[in-house]
Ligand code: XUL
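Residue numbers (our numbering): 50 to 566.
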């Protein structure tokens with residue numbers, strides 16, 4: 050049997066996907082929801098409440114407590130844990146965990162009689178972990194940009210970004226110098242979780258490491274100059290950065306209490322977006338992925354390293370080698386939901402009504418900034434309308450309103466993915482809104498690309514399991530993709546609609562700068 054485990058430590062839950070790589074099947078799934086299952090950690094939505102809306106920290110012990118609970122549940126459902134040939138994982142990106150010099154000693158001597166959270170408490174040099182939703186580091190980003198200018202983006206793949214780890218570390222070192230001094234290891238959530246599994250401090254992989262504003266993507270080493278400016282002595286606190294197929298170590302004896310075999314290979318973990326690239330079978334260039342969720346993301350394996358001149362898109366490491374692009378649109382599902390509520394229709398009604406308005410929507414468009422937007426950067430939210438007087442004053446019919454949000458979201462994705470420099474002819478689409486047929490056709494027509502739907506409920510967890518099979522079992526990704534990530538449905542573009550969307554894209558691009566902050 051060829052069984053592998055993928056773990057997905059996301060913002061709100063920890064999930065497991067156990068695959069049989071030979072049979073091409075997920076044989077077991079399990080899930081721990083932080084808010085519901087671990088209320089004592091006070092992170093109902095994955096982070097601690099804070100009166101400052103810019104601060105989003107979590108209690109890192111919730112992630113290790115979830116590991117104990119998840120494995121207990123897997124054991125209870127008689128998952129074949131002793132058969133597992135390799136483990137890897139996916140972590141929400143950018144978040145960081147701060148540990149003192151006891152960390153490794155504690156990991157080496159974990160007692161199965163006690164739980165992980167209690168044993169790891171004395172290893173923390175900082176009680177909380179900033180996560181990707183934190184935006185409290187604008188001052189630090191400005192300082193990093195002032196110091197390094199364009200080099201920051203050219204060498205690390207992104208300009209200094211509030212949620213990225215480097216600016217977060219700089220803030221901690223400045224605000225809590227004593228605690229920073231007592232910090233011996235700074236881990237990403239991904240490398241922290243891998244460390245616990247293998248009982249020693251684990252490396253950071255290039256995929257997730259690229260989301261730190263610290264990794265030089267040209268040398269694939271920590272950038273000494275940027276690290277030292279970010280915080281004094283930082284280089285000594287960072288784990289090594291390695292290829293994503295590196296085996297970090299063998300499973301710690303602690304986990305034999307759940308039925309795992311000691312020494313089972315643990316491949317380094319990666320970030321959720323790099324893992325999803327693998328989980329949807331898109332780690333070869335030529336196909337882009339659109340994930341429609343709370344935020345919509347557009348990502349693709351890259352042929353060459355290049356960066357977004359507008360500074361909105363990012364470059365991360367592709368776990369299968371090379372690089373991947375990632376663009377995040379904050380106004381995804383909640384924006385669609387707002388329009389659905391305004392029209393007072395069900396999701397199927399929403400879908401049907403969108404088809405009643407023609408492609409191009411009579412020239413009616415909207416800039417859907419219901420909340421702050423990261424692509425393009427809009428810090429003062431507000432929805433802007435363009436088109437007929439009837440549409441702009443909210444009197445148009447529901448079909449026009451619904452088509453406006455969907456066409457505008459497709460156009461912003463097309464506009465802001467142009468820097469990648471690839472005319473994608475295939476797009477793989479995933480996430481809740483991929484069920485909306487009219488949206489799929491709009492995306493097909495705006496991009497003039499074939500839209501493939503895939504039936505992967507947890508692409509990050511599956512991607513982690515496939516990475517484990519690749520790193521520990523030496524199974525090529527191509528073989529795994531044939532078995533796990535075939536398209537379930539596809540939709541062709543209508544060439545007759547190309548011209549109308551080329552024109553709409555021009556209008557949209559001209560409108561946007563007026564509304565940027
Ligand atoms: C990517 C990002 C999020 C997190 C959480 O840059 O911030 O997608 O990885 O999912």
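Ideal Cβ placement from N, Cα and C applies to all residues, glycine included. As the structure is a prediction and not an experimental result, all values here were calculated from the model.
- For residue 211, the three-state DSSP class (helix, strand or coil): Looking at residue 211 - three-state DSSP - the assignment turns out to be coil, as it is neither helix nor strand.
- Task: Kindly examine the ligand XUL and report whether one of its heavy atoms sits closer than 7 angstroms to the Cβ of residue 141.
- Result: Yes, Cβ of residue 141 sits closer than 7 angstroms to a heavy atom of the ligand XUL.
- Integer-rounded CB distance, given that residue 515 should sit under 8 angstroms from residue 498: With 8 angstroms as the limit, residue 498 and residue 515 do not qualify as a contact, their Cβ atoms being about 24 angstroms apart.
- Message: Let's test the definition: count the other Cβ atoms within 10 Å of the Cβ of residue 195 and tell me whether it reaches 16, buried, or not, exposed.
- Response: Classification of residue 195: exposed, given that the 10 Å Cβ count is below 16.
- Task: State the DSSP-derived secondary structure class of residue 318, mapped to helix, strand or coil.
- Result: Residue 318 falls in the coil class under three-state DSSP.
- Query: Considering only C-alpha positions, which residue in the set 418, 466, 404 and 470 is nearest to residue 446?
  - Reply: Checked all of 418, 466, 404 and 470; the closest Cα to residue 446 is 404.
- Would the C-beta of residue 181 count as close to the ligand XUL, meaning under 7 angstroms from any of its heavy atoms? Correct: residue 181 has its Cβ closer than 7 angstroms to the ligand XUL.
- Query: How about residue 92: is its Cβ closer than 7 angstroms to a heavy atom in the ligand XUL?
  - Reply: False, no ligand heavy atom lies under 7 angstroms from that Cβ.
- Task: Taking residue 102 as the reference, give the member of 555, 535, 421 and 534 with the closest Cα.
- Result: Among 555, 535, 421 and 534, the Cα nearest to that of residue 102 is on 421.
- Which class does residue 182 belong to by DSSP, given the choice of helix, strand or coil? Assignment of residue 182 by DSSP, reduced to helix, strand and coil, places it in the coil class.
- Query: Mind checking residue 488: buried by the 16 CB within 10 Å criterion, or exposed?
  - Reply: With 16 or more other Cβ atoms from the protein chains shown falling within 10 Å of its own Cβ, residue 488 counts as buried.
- Message: For a test of your reading of the model: does the CB of residue 335 fall under 7 angstroms from any non-hydrogen atom of the ligand XUL? Yes or no.
- Response: No.
- Query: Nearest chain B C-beta to residue 133 closer than 8 angstroms, yes or no?
  - Reply: No chain B is part of this structure, which consists of one protein chain only.
- Query: Tell me which same chain residues have a C-beta within less than 8 angstroms of the C-beta of residue 430, skipping the five on either side of it?
  - Reply: By the criterion of a C-beta distance shorter than 8 angstroms, residue 430 is surrounded in its chain by 418, 419, 420, 421 and 422, once the five residues flanking it on both sides are discounted.
- If we ignore side chains and look at the alpha-carbon of each, how far apart do residue 441 and residue 414 end up? In a straight line, the C-alpha of residue 441 is about 9 angstroms away from that of residue 414.
- Should residue 141 be labelled buried (16 or more other beta-carbon atoms within 10 Å of its own) or exposed? Of the residues assessed, residue 141 falls on the buried side of the cut-off, its CB having 16 or more other CB atoms within 10 angstroms.
- Neighbourhood of residue 269 by C-beta, 7 angstroms cutoff - its chain only, sequence neighbours within 5 removed: Around residue 269: 255 and 290.
- Message: Give me the residue from 511, 175 and 504 with the minimum Cα distance to residue 233.
- Response: For residue 233, the nearest C-alpha among the options comes from 175.
- Query: Going by other Cβ atoms of all chains shown within 10 Å of its Cβ, with 16 needed for buried, is residue 197 buried or exposed?
  - Reply: Buried.
- Across which residues does DSSP place residue 363 in a beta bridge pair? DSSP lists 375 as partners of residue 363.
- Task: Assign residue 583 to one of two classes, buried (16 or more other C-beta atoms within 10 Å of its C-beta) or exposed (fewer than that).
- Result: Residue 583 lies beyond the stretch modelled for the chain, which goes from 50 to 566, so this question has no answer here.
- Item | CA-to-CA distance, residue 240 to residue 132, given in whole angstroms | Answer to the nearest angstrom: the Cα atoms are 24 angstroms apart.
- Query: Excluding five sequence neighbours on each side, which residues of the same chain lie with their C-beta closer than 7 angstroms to the C-beta of residue 333?
  - Reply: The beta carbon of residue 333 lies closer than 7 angstroms to those of 350 in the same chain, with the five residues before and after it left out.
- Message: Please report the distance separating the alpha-carbon of residue 272 from that of residue 263.
- Response: Residue 272 and residue 263 have their C-alpha atoms spaced approximately 6 angstroms apart.
- Task: Measure from the alpha carbon of residue 229 to the alpha carbon of each residue in 281, 73, 99 and 53, then state which is nearest.
- Result: Comparing Cα positions, the closest option is 281.
- Item | Residue from 381, 412 and 190 whose Cα sits closest to the Cα of residue 480 | Taking only the C-alpha atoms, the option nearest residue 480 is 381.
- Message: Judging by CA-CA distance, which residue of 521, 339, 439 and 76 is the nearest neighbour of residue 458?
- Response: Measuring from the Cα of residue 458, the nearest candidate turns out to be 339.
- Item | Spatially closest choice to residue 69 from 60, 85, 52 and 58, by CA coordinates | Here the closest residue by C-alpha is 52.
- Just mark residue 220 as buried or exposed, buried being the case when its beta carbon has 16 or more other beta carbons within 10 Å. Its Cβ being crowded by 16 or more others within 10 Å, residue 220 is buried.
- For residue 69: DSSP bridge partner residues: 52 and 74, per the DSSP bridge assignment.
- From 130, 321, 486 and 152, residue whose alpha carbon lies closest to that of residue 508: Taking residue 508 as reference, the option from 130, 321, 486 and 152 with the minimal CA-CA separation is 321.
- Message: Assuming the contact rule is C-beta atoms closer than 8 angstroms, residue 112 and residue 218 should be a hit. Round their C-beta distance to whole Å, please.
- Response: Their Cβ separation, rounded to whole angstroms, is 19 angstroms, which puts residue 112 and residue 218 out of contact at 8 angstroms.
- By the 10 Å Cβ neighbour count, where 16 or more other Cβ atoms means buried, how is residue 178 classified, buried or exposed? Burial check for residue 178: the Cβ neighbour count within 10 Å reaches 16 or more, so the residue is buried.
- Message: Which residues does DSSP list as the beta-bridge partners of residue 109?
- Response: Listed as beta-bridge partners of residue 109 by DSSP are no residues whatsoever.
- residue 428 and residue 373: beta carbons closer than 8 angstroms? Taking 8 angstroms as the Cβ cut-off, residue 428 and residue 373 do not qualify as a contacting pair.
- Can you name the residues that DSSP bridges to residue 462? Residue 462 is not bridged to any residue.
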